[in-house]
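Take the sequence shown: its letter number 90 is residue 90 in UniProt numbering, and every next letter is one higher.
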Amino acid sequence: MNNLRANYERILEVLRKISKDNLLAYQRRIPKLSDLELISLSLTSEYMGIDSENHLFRILPKFFAGKIERTVYNRRRRRLMSFTNMIRLQLSEIFNEFENYFIVDSMPLEVCKISRSTRSKVCKEEIFSFPDRGFCASQKMSFYGYKLHAVCSVNGVFQSIDLSAASVHDIHYLKDIQHQMSDCVLIGDKGYLSESIQLNLFETVNIHLDTPKRKNQKKYKPQFYVFKKKRKRIETLFSQLCDQFMIRRNYAKTFSGFKTRIISKITSLTVIQYINKVIFDRNINNIKISIV
Numbered sequence: 001m002n003n004l005r006a007n008y009e010r011i012l013e014v015l016r017k018i019s020k021d022n023l024l025a026y027q028r029r030i031p032k033l034s035d036l037e038l039i040s041l042s043l044t045s046e047y048m049g050i051d052s053e054n055h056l057f058r059i060l061p062k063f064f065a066g067k068i069e070r071t072v073y074n075r076r077r078r079r080l081m082s083f084t085n086m087i088r089l090q091l092s093e094i095f096n097e098f099e100n101y102f103i104v105d106s107m108p109l110e111v112c113k114i115s116r117s118t119r120s121k122v123c124k125e126e127i128f129s130f131p132d133r134g135f136c137a138s139q140k141m142s143f144y145g146y147k148l149h150a151v152c153s154v155n156g157v158f159q160s161i162d163l164s165a166a167s168v169h170d171i172h173y174l175k176d177i178q179h180q181m182s183d184c185v186l187i188g189d190k191g192y193l194s195e196s197i198q199l200n201l202f203e204t205v206n207i208h209l210d211t212p213k214r215k216n217q218k219k220y221k222p223q224f225y226v227f228k229k230k231r232k233r234i235e236t237l238f239s240q241l242c243d244q245f246m247i248r249r250n251y252a253k254t255f256s257g258f259k260t261r262i263i264s265k266i267t268s269l270t271v272i273q274y275i276n277k278v279i280f281d282r283n284i285n286n287i288k289i290s291i292v
């Protein structure tokens with residue numbers, strides 16, 4: 001895992017199968033480091049746990065010498081954010097094309113500690129992107145920042161992701177789901193309990209939302225054992241994002257930078273899953289493993 005160039009070339013090999021080298025329109029000159037090469041370098045650094053750009057440019061091999069500067073790399077990386085997410089969607093489609101069962105959940109993403117929230121300027125350049133204070137019921141803690149909402153397949157491949165302020169309730173994310181998915185079973189926890197939302201999803205896009213009921217509800221019955229077991233798959237994915245990809249460590253100062261980092265980490269995870277399946281034919285969720 002310590003050979004940065006070998007890992008970079010492996011990831012670039014995968015990306016070239018599904019995308020072209022230059023993704024943006026350049027009016028003057030084509031850059032020495034193509035767009036796809038830049039995305040590959042970004043995904044490689046996330047896979048190897050290098051989340052500091054200063055450190056990345058200190059250890060880059062001579063192969064990259066003179067091709068790009070750190071500030072240009074950071075600026076172009078943010079401009080390529082939508083294309084990075086498009087690559088993630090293309091790879092997830094390969095995995096999830098015939099999937100009928102998905103899991104929905106959310107996780108907290110801290111921007112800073114609550115005690116520093118009033119004087120912190122991180123991600124406050126625009127009113128719409130202001131972080132907020134929220135509460136995570138599963139971890140029983142208050143936090144200041146954002147929520148990562150996600151849908152993954154039962155095999156552990158992210159299908160849909162989104163960011164919201166921490167105070168936004170999980171159930172509001174389901175209103176966006178009906179524009180992205182249809183004809184499937186969606187498994188969630190008690191945070192997604194809503195009879196009106198459940199009925200709307202079923203009538204509009206034929207999504208059956210299955211959530212455990214509270215014990216004091218009428219006609220209570222426990223959630224189907226298999227669904228209860230499969231729901232842990234997304235919790236394991238969140239743990240992998242926190243452990244290897246360090247998704248909760250934030251060095252970004254702007255919301256676009258913050259969002260770019262989140263998308264890069266999840267795309268990197270999806271690329272490694274693709275390499276595990278297509279190239280090595282092994283368990284896709286063995287993330288801490290060599291890809292060369």
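Ideal placement from N, C-alpha and C gives every residue a C-beta, glycine not left out.
Identify, in the order they occur along the chain, each residue of the same chain with its Cβ nearer than 6 Å to the Cβ of residue i, setting aside the five sequence neighbours on each side.
i, result
"F135", "S142"
"S117", "Y144"
"residue 313", "This structure gives no information on residue 313, because the portion of the chain shown stretches from 1 to 292."
"A252", "F258, R261"
"Y101", "V154, V185"
If you run the structure through DSSP and keep just helix, strand and coil, what is residue i?
i, result
"R249", "coil"
"S34", "coil"
"M1", "The pLDDT assigned to M1 is 47, lower than 50, so where the model puts this residue is not dependable; a value taken from the coordinates is nonetheless given after this. Here M1 sits in coil by DSSP."
"Y73", "helix"
"C136", "strand"
"L163", "strand"
"S142", "strand"
"E9", "helix"
"L80", "coil"
"S153", "strand"
"I103", "strand"
So, are the CB atoms of residue i and residue j less than 8 Å apart?
i, j, result
"L163", "K259", "yes"
"G257", "R78", "yes"
"L15", "S40", "yes"
"Q90", "I177", "no"
"R10", "I291", "yes"
"T254", "E125", "yes"
With a CB to CB cut of under 7 Å and the five nearest residues on each side skipped, what residues in its chain are close to residue i?
i, result
"F202", "H208"
"R233", "I103, C152, V154, G156"
"R76", "L38"
"C112", "S120, V122, Y144"
Just to check my reading of the structure: residue i and residue j have Cβ atoms closer than 8 Å, yes? What is that Cβ distance to the nearest angstrom?
i, j, result
"M246", "D105", "19 Å between Cβ atoms; not a contact."
"I263", "N96", "Not really, about 18 Å apart at Cβ, beyond 8 Å."
"D189", "P212", "7 Å"
"L109", "R248", "6 Å"
"H172", "I161", "That pair is no contact at about 15 Å."
Within the same chain, show all residues whose beta-carbon is closer than 8 Å to that of residue i, passing over the 5 residues directly before and after it, in chain order.
i, result
"K147", "S106, M107, P108, L109, G134, L163, S164, A165, A166, V168, D170"
"N3", "V292"
> Are at least three pairs of beta-carbons, each pair with one atom in the region 236–243 and one in the region 261–280, less than 8 Å apart?
Replying inline: yes
>> Taking 8 Å as the cut-off, does the region 64–74 touch the region 120–139 (at least 3 CB pairs, one atom from each stretch)?
In response: no
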